[in-house]
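J.: One structure, pasted below without further comment.
Protein chains in written order, with the working numbering: chain A, 5 to 481; chain B, 1378 to 1471; chain C, 178 to 662.
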């Protein structure tokens, strides 16, 4: 049991999936040529002015409603002043004293323990552009396509006590964003970014220790490893009688370590003040109620309902609800299927998800539709095909979109269940393998799989395994 | 309310300005005088007054989420002291 | 026909519409006048001779268009207004080669109304100043007396109109920068209500204070220009979505019966030069003779206005000027090998002293530890000042007073920054309050022989009434002469 308690707070920046930037009508399409989605406003030219995108407060408020926040009907944009080439105006338009949402929470579960993480605030702001450094040319190249893309910054209370809790919180937050349809949640591409504030304190102490801010965390694994490394580093420092320095540290994925961003950290005085080019945002309470009514069933509620209505285990419920499209797929398939939903769950988790992962296709676009999956399981249930044939055909069916019954018919995959035919094959296998027969009769019952394999070979995989097993047992007993 | 040349230099650094010593001293004197005037405001009781950051009285100005491209990249890059047709180019960031 | 340049915009617009004068003739007359007067006056940083002539030729080929109220009229723009394809410097070296690819909305509206843009006017650098002595290029002379300043920061615009180089100029007013040069140069200058004219393309100094307005040789001229540039702009969130009234409709009034004019004791007390007070009181007496009633009032917070203004203006400016970093436009210092050095050198080389002083002051009052005592405090006092005005305007229709305690002062006379700031004492409160105001020339001072301007201040969005009162008074005062250039 450690003498130290870890305290973690997380700041998440999520790209909002609007068509245009927050303060100008430039497209937000990812992957465009450098500086193609740039205008006078988002490149900070002299004399230009910002105008707020109507979708941004809606998306931000919905995230607030989905996390139990108070939505502030009045919120104000403020300038955060600092110099950097990816920040064209020399200030970022953000929110400071009056953010759009405050005081929410997110429930997580780690090792079966449920915990509520406080959410301090959500505010709207604009993203900066991108700098590409070239050591060879001794220069930096600035692309402003991303400058002005709308972000919400989601700040948690320092309520997490382990890397696992941090990752669980991030996963849940991301899931909610995806359910709301307001963010892609892609950590590698940068549409979901996380900075971690990590400190330690002796167990029992109330005062917080000095914290380090960790950046460059590009996956959940990075978050986990970076926090673990940092906690160990801070403990070492304290045990050596040294102080933890308040600083920003970058995570190095290759080494699994964090290092100080020396030189960049001069004390930042952002000199926040309300942006005089924008007017206060005052939301009509009717809009907020409308947005509340438009919220989908959120991941936590869906998990609970899946477990209750479909008899699913917690583990499966979590996997099936991680993506809304997958959850919808599962439910549609379960409804189309006359058997137990648990069986559909098994196929979705065991076969569909891996297939989608490999092909990169979304659940909603899969050609093996929910109805067709139900059909496939029915073919197995009624003995038309074996489970093995069903599993082997899965990827083909996803690729082709064939109706499973047609597919089986066309390829002659139907199981052979006719006892007469099968008996002939079994007899042949027995007669051709006397040594194994003797060994089996001598006690090596594991050889059943050998005989099964031989019969399957003869039958080109179409022998009904259940019937074959019985026949072999009969004949060799 | 006096302000020292060192304080002026510190604030200047925040604003990415670099003043020679004689100017720092001149500014320190002038800015000190200006601050002296500004301290007069403390005479007024404003405890129950809402700040007025702008004369504007209307709120909530919104724009539809519809893309519009009014200028080509060459125009956007056209005034840059150094660019290559694609990027703005700056000295490396240490 | 007498020299074209002595005509008002209204007269010229009529002659152009009736084809008695062509656009090419009008532009040619202005270019001639510019050539003749610029060596002495130096009002313009850029003369758009080629563009103006080409535009005039195109207009003449198309023929006059009655739906375009400024068809063929040559107009000058303060060099703070972005003009597509034309160098726009803000009077600063940091923008000496900056060519915007977008028009300010007010500029686009002038173009749509058929105006011919003929020049970019000199100004105090980034609008920071009251005399145009802070221009990084050269100083502009007052057309009435070359040893005196034209006022600022729209000094080039004021001088250009007074010298007959154009028929109207757009200036900008943050703390008096239209009204003061109008007063010093003996012309009309109007600062609209905040939000009446779009700020898109107005290179920002004090974002919550700036407005674009007309500077002209007559009240009717100003009304015609304001009619074109006023109105809501979806590109400016602070522009007000309210209908624009007909500014010309009330200009013909011949009596001021029923009009109450307030005279704040703080604007008529000690510290005003006798010649200024005399000329302004004479104008007020004329207004009373026309039927106006005057009432004494008090704007008791006047003493606090300068500090409030400078804190807010400098704070906003320090942030607005951060974008001048040499990355995407403007001056970039050569030889800087590393980024922070490049920023610092570019800005230090590119900005003049007054600009640097205000950036540093603005950064200071926003910095942590000082925000509450200065910036936030000033914002609270601002509300009190506005309430002061609202109360005063509840007792009268317009407030009147001198624009400035003095007439145009001599070059170099206000070397101490605070002395210069005090020139704004009667004008800055209006920008803090966001109310409309204008300067009307009311005669020449008996000591200096220099023009005196009377200021009118009104309620929000009541420019039509204000122009109407001003027009009546103008018609009933001795005609204002033009400077002998």
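By construction, the Cβ of each residue, glycine as well, lies at the ideal position given by its N, Cα and C atoms.
Given the structure is predicted, the values throughout are model-derived calculations rather than measurements.
#1: Could you tell me the alpha carbon to alpha carbon distance between residue 18 (chain A) and residue 1441 (chain B), rounded to whole angstroms?
#2: Counting along the chain, where does the beta strand (DSSP E) carrying residue 143 (chain A) start and finish?
#3: Residues in its own chain within less than 6 Å of residue 267 (chain A) by CB, not counting five upstream and five downstream?
#4: Residues in its own chain within less than 7 Å of residue 488 (chain C) by CB, not counting five upstream and five downstream?
#5: Compare the C-alpha of residue 321 (chain C) against each of C:430, C:364, C:461, C:293 and name the closest.
#6: For residue 294 (chain A), does the count of other Cβ atoms within 10 angstroms reach 16, so buried, or fall short, so exposed?
#7: Which runs of the alpha helix (DSSP H) spanning at least 4 residues fall entirely within the segment 217–285 of chain A, listed in chain order?
#8: Pop quiz: residue 1456 (chain B) and residue 528 (chain C) are said to be a contact at Cβ under 8 Å. What is the actual Cβ separation, rounded to whole angstroms?
#9: Output the boundary residues of the alpha helix (DSSP H) element that contains residue 109 (chain A).
#10: Using a Cβ cut-off of 7 Å (strictly closer), state whether residue 1445 (chain B) contacts chain C.
#11: Within 7 Å (strictly less), CB to CB, does residue 1463 (chain B) reach chain A?
#12: Strictly below 8 Å CB to CB, what residues from chain B border residue 40 (chain A)?
#13: What residues match up with residue 98 (chain A) in a beta bridge as DSSP calls it?
#14: Taking 8 Å as the limit between beta carbons, can you name the residues of its chain near residue 317 (chain A), skipping five residues before and five after?
#15: Using a Cβ-Cβ distance cut-off of 7 Å, determine whether residue 1441 (chain B) contacts chain A.
#16: Is the Cβ of residue 1425 (chain B) closer than 7 Å to any Cβ of chain C?
#17: Taking C-alpha atoms, which residue in C:588, C:381, C:241, C:620 lies nearest to residue 53 (chain A)?
#18: Along chain A, which residues have their Cβ under 8 Å away from the Cβ of residue 1468 (chain B)?
#19: Classify residue 308 (chain A) as helix, strand or coil using the three-state DSSP reduction.
#20: Using C-beta distances below 8 Å, list every residue in its chain close to residue 292 (chain A), excluding the 5 sequence neighbours before and after it, in chain order.
#21: At the 7 Å Cβ level, is residue 1438 (chain B) part of the contact set with chain A, yes or no?
#22: Would you mind reading off the limits of the alpha helix (DSSP H) that contains residue 516 (chain C)?
#23: Using a Cβ-Cβ cutoff of 7 Å, what residues of the segment 41–69 of chain A are near chain B? List them in chain order.
#24: Using a Cβ-Cβ cut-off of less than 9 Å, give me the residues of the segment 275–297 of chain C that come near chain A, in sequence order.
#25: For residue 1398 (chain B), which residues of its own chain have a beta-carbon under 8 Å away from its beta-carbon, when the five flanking residues on both sides are left out?
#26: Does residue 36 (chain A) come within less than 7 Å of chain B when only Cβ atoms are used?
#27: On the DSSP letters alone, give me the boundaries of the alpha helix (DSSP H) that residue 454 (chain A) sits inside.
#28: Grab me the residues of residue 146 (chain A)'s own chain with a C-beta within less than 7 Å of its C-beta, minus the 5 sequence neighbours each way, in chain order.
#29: If you follow the beta strand (DSSP E) that residue 125 (chain A) is part of, which residue opens it and which one closes it?
#30: So the candidates are B:1430, B:1454, B:1388; which of them puts its Cα closest to the Cα of residue 559 (chain C)?
#31: I'd like the span of the beta strand (DSSP E) that includes residue 185 (chain C), first residue to last.
#32: Between residue 506 (chain C) and the ligand HEM, is there a pair consisting of the residue's CB and a ligand heavy atom that are separated by less than 6 Å?
#33: For residue 1433 (chain B), which residues does DSSP report across the bridge?
#34: Kindly indicate the opening and closing residues of the beta strand (DSSP E) around residue 483 (chain A).
#35: Could you please tell me which residues of the segment 75–98 of chain A, in chain order, have their CB closer than 7 Å to any CB of chain B?
#36: Is the beta carbon of residue 439 (chain C) closer than 7 Å to that of residue 573 (chain C)?
T.: Result, derived from the coordinates:
#1: Counting only the Cα atoms, residue 1441 (chain B) lies some 21 Å from residue 18 (chain A).
#2: Residue 143 (chain A) -> beta strand (DSSP E) spans 143–147.
#3: Here residue 267 (chain A) scores only 49 on pLDDT, less than 50, and its place in the model should not be relied on; the value that follows carries that caveat. Same-chain partners within the cutoff: there are none.
#4: Excluding positions up to five away in sequence, the list reads 542, 551, 552, 555.
#5: Of the listed residues, the one whose Cα sits closest to residue 321 (chain C) is C:364.
#6: Counting Cβ neighbours within 10 Å, residue 294 (chain A) comes out exposed, since fewer than 16 surround it.
#7: Taken in chain order, the complete alpha helix (DSSP H) segments of 4 residues or longer contained in the segment 217–285 of chain A are 224–243.
#8: Contact between residue 1456 (chain B) and residue 528 (chain C) is absent: CB atoms are separated by about 18 Å, not below the 8 Å threshold.
#9: Not the alpha helix (DSSP H): residue 109 (chain A) falls in the beta strand (DSSP E), residues 105–114.
#10: Chain C contact via Cβ: absent.
#11: Yes, residue 1463 (chain B) counts as interfacial toward chain A.
#12: Contacts between residue 40 (chain A) and chain B, judged by CB atoms closer than 8 Å, involve 1450 in chain order.
#13: Looking at the DSSP assignment, residue 98 (chain A) forms a beta bridge with A:82.
#14: Excluding sequence neighbours, residue 317 (chain A) sits near 311.
#15: The C-beta of residue 1441 (chain B) comes closer than 7 Å to at least one C-beta of chain A.
#16: Chain C contact via Cβ: absent.
#17: By alpha-carbon distance to residue 53 (chain A), the top candidate from C:588, C:381, C:241, C:620 is C:381.
#18: Residues of chain A passing the Cβ test: 142, 143, 144.
#19: Note: residue 308 (chain A) maps to helix in three-state DSSP.
#20: The answer, listed in chain order, is 65, 69, 75, 77.
#21: Output row for residue 1438 (chain B): interface = yes.
#22: Judged by DSSP secondary structure, residue 516 (chain C) falls within the alpha helix (DSSP H) whose first and last residues are 516–527.
#23: Answer in chain order: 42, 43, 44, 47, 55, 56, 57, 58, 59.
#24: Those residues of the segment 275–297 of chain C that come within reach of chain A (Cβ to Cβ, closer than 9 Å) are 275, 277, 278, 279, 281.
#25: Once the five neighbours on either side are set aside, the close Cβ partners of residue 1398 (chain B) are 1382.
#26: Residue 36 (chain A) does not count as touching chain B.
#27: From DSSP, the alpha helix (DSSP H) with residue 454 (chain A) extends over 452–462.
#28: These residues qualify, in order along the chain: 89, 90, 133, 135.
#29: Counting along the chain, the beta strand (DSSP E) containing residue 125 (chain A) begins and ends at 117–130.
#30: Nearest in C-alpha terms to residue 559 (chain C), of all of B:1430, B:1454, B:1388, is B:1430.
#31: Counting along the chain, residue 185 (chain C) falls outside any beta strand (DSSP E), and DSSP gives it neither H nor E.
#32: The ligand HEM is absent from the structure shown, which contains no ligand whatsoever.
#33: Residue 1433 (chain B) pairs with nothing; no bridge assigned.
#34: Chain A is shown from 5 up to 481; residue 483 (chain A) falls before or after that span and cannot be answered.
#35: The residues in question are 87, 89.
#36: Closer than 7 Å, so yes.
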